[in-house]
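In my numbering, the protein residues as written are 122 to 533.
We put the CB at the ideal spot given by N, CA and C, even for glycine.
Every value quoted in this text rests on a predicted model; they were computed, and no experiment measured them.
1. Would you call residue 446 buried or exposed, if buried means 16 or more other Cβ atoms sit within 10 Å of its Cβ?
2. What's the call for residue 138, buried or exposed, on a 16-neighbour Cβ count within 10 Å?
3. In the DSSP output, which residue or residues are listed as bridge partners for residue 465?
4. Determine whether the beta carbon atoms of residue 409 and residue 444 lie at a separation below 8 Å.
5. Look at the alpha carbon of residue 526 and the alpha carbon of residue 214, and state the distance between them as a whole number of angstroms.
6. Can you tell me whether DSSP reads residue 525 as helix, strand or coil?
7. Excluding the 5 residues flanking residue 519 on each side, which residues of the same chain have their C-beta closer than 6 Å to its C-beta?
8. How about residue 211 and residue 221: do their beta carbons lie closer than 8 Å?
9. Around the Cβ of residue 290, are there at least 16 other Cβ atoms within 10 angstroms (buried) or fewer (exposed)?
10. Across which residues does DSSP place residue 392 in a beta bridge pair?
11. Are the beta-carbon atoms belonging to residue 152 and residue 262 less than 8 Å from one another?
12. What separation, rounded to the nearest whole angstrom, lies between the Cα atoms of residue 143 and residue 504?
13. Assign residue 104 to buried or exposed, taking buried as 16 or more other Cβ atoms, counted over all protein chains shown, within 10 Å of its Cβ.
14. What residue does the beta strand (DSSP E) around residue 512 start on, and which one ends it?
15. Quick check on the burial criterion: 16 or more other C-beta atoms within 10 angstroms. Buried or exposed for residue 421?
16. Buried or exposed: residue 578, going by 16 or more other Cβ atoms within 10 Å of its Cβ?
17. Can residue 430 and residue 464 be called in contact, C-beta distance under 8 Å?
18. Using a threshold of 8 Å, state whether the C-beta atoms of residue 245 and residue 186 are closer than that.
19. Tell me the DSSP bridge mates of residue 520?
20. Less than 8 Å between the CB atoms is what I'm expecting for residue 392 and residue 428, so what's the real figure, rounded?
21. In whole angstroms, what is the alpha-carbon distance linking residue 402 and residue 374?
22. Taking the alpha carbon of residue 467 as the point to measure from, which residue in 395, 192, 405 has its own alpha carbon closest?
23. Expressed to the nearest angstrom, what Euclidean distance is found between the alpha-carbon atoms of residue 275 and residue 189?
24. Just to confirm, is the Cβ distance from residue 398 to residue 426 under 8 Å?
25. Just checking my contact of residue 150 with residue 207 at CB under 8 Å: how many whole Å lie between their CB atoms?
26. Can you pull the DSSP bridge partners for residue 460?
27. Using the C-alpha atoms, what's the distance from residue 506 back to residue 530?
28. Alpha carbon to alpha carbon, what distance is there between residue 451 and residue 514?
29. In its own chain, which residues sit with a C-beta less than 7 Å from the C-beta of residue 248, not counting the 5 before and 5 after it?
30. As a quick exercise: from 251, 323, 293, pick the residue whose alpha carbon is nearest that of residue 304.
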């Protein structure tokens with residue numbers, strides 16, 4: 122059964138955890154914390170027995186206790202806020218140390234101790250198996266389970282002494298079954314989390330495709346309406362008139378202008394002047410954060426700016442989403458986060474820059490389900506004719522989002 126589950130677990134992604142941590146990384150941390158705490162508790166509960174064994178094999182008892190238990194509290198500690206790669210490395214070291222300590226059991230006892238029914242290491246070996254499941258792929262974890270149980274069963278010969286073969290087989294079967302149950306749960310939990318990540322990424326991709334398809338459908342409908350209402354009407358009037366007329370020429374010119382607006386992506390002939398653009402963008406960001414500072418720069422010549430309403434709306438929506446992301450995610454502990462917006466206007470361009478000094482993040486590690494960055498900010502601006510967006514951030518050094526637009530008509 123465990124081998125079947127092992128085939129379902131995808132390869133673990135390498136690298137540090139991403140902002141908005143993936144479900145696979147979250148479940149790894151939680152399992153590591155549980156294993157670390159359980160091992161620490163087991164060490165406390167087994168301490169009286171360790172003292173008894175110390176009278177028989179003092180050197181081995183001290184070494185085995187250190188090897189077997191010292192990394193459990195370390196694993197619990199690193200599972201909180203540390204790189205997931207570090208968590209897996211500590212889990213692998215823990216599993217290895219536990220197995221090394223188990224291998225030394227056979228050499229620790231000069232004479233058996235019949236009053237004991239099993240080595241203390243045998244009873245908590247399932248924690249070592251769980252640590253192995255966090256560190257390595259399922260086939261390696263299964264091999265660890267089988268090899269470790271056999272090794273500890275052989276070591277029990279030195280502890281318990283001469284017992285029947287049936288007794289040993291029963292002890293081995295019970296331990297293997299218990300460890301298999303824990304390993305199965307761990308593998309399935311990690312496989313389920315990885316499946317959540319895959320489905321989230323697929324849902325994000327589907328949402329992006331649906332949004333693109335909807336936008337294309339709107340453009341097709343708009344183009345079809347223009348063809349029917351303007352182009353065909355003009356051609357029909359031309360065929361009926363037979364000769365040109367001032368009215369027909371005016372209608373043809375208006376149709377060509379509408380086609381030109383459609384080509385450059387304008388949603389209509391309505392445009393904002395520089396004052397309206399500045400007020401529109403300022404209102405958009407302050408609806409999200411009323412206390413945010415907004416600086417508007419208008420160099421000479423900026424009064425000539427005429428920005429299409431749909432372009433201004435797109436930039437305002439992207440800016441609002443950027444501020445919203447900053448408010449939600451830029452928190453740096455108890456330290457207050459300072460953020461500000463600068464709007465720069467030109468004769469045929471507009472630029473908005475949002476800066477904060479918050480926690481920052483690695484843009485390359487943004488999960489696929491974070492549509493706010495990929496779709497609502499970058500994708501929204503880059504799909505706008507003449508629009509662009511850039512995002513710069515580093516962990517601990519804040520974030521800068523730059524939105525820009527230039528009039529496509531000025532570059533033709």
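Put simply:
1. Classification of residue 446: buried, given that the 10 Å Cβ count is 16 or more.
2. Any reading at residue 138 needs caution, since the residue's pLDDT is 33, under 50, leaving its predicted position unreliable; the model's value is listed next. It counts as buried.
3. Bridge pairing for residue 465: 418, 472 [DSSP].
4. Cβ atoms of residue 409 and residue 444: closer than 8 Å.
5. Computed Cα separation, rounded: 53 Å.
6. If DSSP states are grouped into helix, strand and coil, residue 525 belongs with the strands.
7. A distance below 6 Å between beta-carbons, with the five flanking residues on each side excluded, links residue 519 to the following residues of its chain, in chain order: 477, 478, 479, 481.
8. In this structure, residue 221 does not lie closer than 8 Å to residue 211 by Cβ.
9. Classification of residue 290: exposed, given that the 10 Å Cβ count is below 16.
10. Answer is 429.
11. In this structure, residue 262 does not lie closer than 8 Å to residue 152 by Cβ.
12. If you draw a straight line from the Cα of residue 143 to the Cα of residue 504, it comes to about 28 Å.
13. Coverage of the chain is limited to positions 122 through 533, which leaves residue 104 absent and any answer about it impossible.
14. Run containing residue 512: 508-514, per the beta strand (DSSP E) assignment.
15. So residue 421 counts as exposed.
16. What the structure shows of the chain is the stretch from 122 to 533, and residue 578 is not part of that stretch, so it cannot be assessed.
17. Cβ distance not < 8 Å, so residue 430 and residue 464 don't count as in contact.
18. Contact: no.
19. According to DSSP, which records beta bridges pairwise, residue 520 is partnered with 477, 514.
20. Contact between residue 392 and residue 428 is confirmed by a C-beta separation of about 6 Å, below the 8 Å threshold.
21. Straight-line Cα distance between these residues: approximately 34 Å.
22. Among 395, 192, 405, the Cα nearest to that of residue 467 belongs to 395.
23. When rounded, the distance between both Cα atoms is 18 Å.
24. Yes, the pair counts as a contact, with Cβ atoms nearer than the cut-off.
25. That belief does not hold up - the Cβ atoms of residue 150 and residue 207 are roughly 11 Å apart, past 8 Å.
26. Its beta-bridge partners are 477.
27. Each residue's Cα considered, the two are about 10 Å apart.
28. Roughly 11 Å separates the two Cα atoms.
29. Cβ within range, chain order: 156, 159, 160, 163.
30. Closest in C-alpha terms to residue 304, from the list 251, 323, 293, comes 251.
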